[in-house]
Structure formats: C-alpha cells, structure tokens
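Each residue of the sequence shown is one higher than the last, beginning at 3 in my numbering.
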Amino acid sequence: IICVCWITGTLVGFLPLLGWNAGFKKTDEKCIFVEVMDYNYLVFLYFATIIFPAFLIAAFYAHIYRVVIQQ
Numbered sequence: 003i004i005c006v007c008w009i010t011g012t013l014v015g016f017l018p019l020l021g022w023n024a025g026f027k028k029t030d031e032k033c034i035f036v037e038v039m040d041y042n043y044l045v046f047l048y049f050a051t052i053i054f055p056a057f058l059i060a061a062f063y064a065h066i067y068r069v070v071i072q073q
C-alpha cells in the first residue's frame, strides 16, 4: 500500500511536467499558480487526492462500524 501511494503521488506530481499545464506566456511578468497550472489538472487533483480518498475512508469506517455493531 505504501508503494502504491508513493507511485501514485509521483505520477500525479509529474503530470504537469509531462504536458498537463497551462504553458508559459513570455509576455507575463508574474507567476500565479492558477495561471501556470491547467484548471482541468487542478480539478482532477482536487478530486483524486481529496474527494475520492475521503469517500473511500468514510466507506471503510462505515463498514468497520457495521461489523462492530453486529458483534
């Protein structure tokens, strides 16, 4: 499980380096994270690293709770 977490985190972290970014505009003099990162990537990152794991953890705890109540 630990290796899967490291591999998944590494792959998600490298996605912007592999082309999933907003690109670079030579005319801009400032660097704003939202302008550098592609909005679709930020939405994917939010759901893949926060929402999905939260639902998964809640489902596992609900299952554990049901098993404990039945015993």
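C-beta atoms are modelled at their ideal positions from N, C-alpha and C, and glycine is treated no differently.
Inter-residue Cα distance where the pair is Ile-71 and Leu-47: If I take the Cα positions, the gap works out to 35 Å.
Could you have a look at Pro-18 and say whether DSSP puts it in helix, strand or coil? Three-state result, Pro-18: coil.
Of the residues Gln-73, His-65, Ala-50, which one's Cα is nearest the Cα of Leu-13? Taking the Cα of Leu-13 as reference, the smallest distance to any Cα among Gln-73, His-65, Ala-50 is reached at Ala-50.
Quick check: what's the CA-CA separation for Tyr-41 versus Ile-52? Using only the alpha carbons, I get a separation of about 16 Å.
Secondary structure at Gln-73, three-state DSSP: helix, strand or coil? Of the three classes helix, strand and coil, the one that applies to Gln-73 here is coil, per DSSP.
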